[in-house]
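**Q**
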Amino acid sequence: MKRIILILLFILPFRLSAQKMIFCEKVRNDGTEVNPASIFYIDPKGGFFNVLVKLDQGLTSDVVVFDLYLINDKTGKETFNSSIRLAVQPGNNWFYKEITFFKKGNYHVYVYDGFDRLLSVGKVDVVFKE
16 MKRIILILLF
26 ILPFRLSAQK
36 MIFCEKVRND
46 GTEVNPASIF
56 YIDPKGGFFN
66 VLVKLDQGLT
76 SDVVVFDLYL
86 INDKTGKETF
96 NSSIRLAVQP
106 GNNWFYKEIT
116 FFKKGNYHVY
126 VYDGFDRLLS
136 VGKVDVVFKE
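Structure, rendered in structure tokens:
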């Protein structure tokens, strides 16, 4: 069992290294990000920004799933927040989704294809405006 975990820990970073998750205010029609950041300031009533995923190869499924987890600052434990499905065009090597957040905190965002294969992982900090 330890061997499997070690192998996964060694291989997974290389598998995801060509994948890129970018948090940004806007995405242009050509897939370029506008005002990328790792921290976003939102209204306490909620706010949104975009999650752009760029892949080294085209998609093989027609759907992707964004799973959002809120990270506990003290323990580092993830708590499931929401799951969002997005229809995509097979063959595309980038896609994005505008996501609305209602809670402040650090989030991990995991993106899977329609076959439950992990495509990309990112971390973003959501802060309430004062």
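Letter by letter, the sequence shown follows residues 16 to 145 in the numbering used here. By construction, the Cβ of each residue, glycine as well, lies at the ideal position given by its N, Cα and C atoms.
Could you tell me whether the Cβ atoms of alanine 52 and phenylalanine 63 are closer together than 8 Å?
**A** no
**Q** Can at least three beta-carbon pairs, one atom from the segment 39-59 and one from the segment 82-100, be found at a separation below 8 Å?
**A** no
**Q** Here's the rule: buried if 16 or more other CB atoms are within 10 angstroms of the residue's CB, otherwise exposed. What is phenylalanine 116?
**A** buried
**Q** What three-state label does DSSP hand serine 32 in the structure shown?
**A** Annotation note: pLDDT 44 at serine 32 (below 50); position unreliable, coordinate value reported separately. Helix at serine 32.
**Q** Which one of Ile114, Gln104, Lys112, Asp140 has the shortest CA to CA distance from glutamine 72?
**A** Gln104
**Q** Nearest CA to the CA of valine 141: which residue from Gly61, Ala102, Asn107?
**A** Gly61
**Q** By the DSSP assignment, the beta strand (DSSP E) with glutamate 93 in it spans what residues?
**A** 93-102
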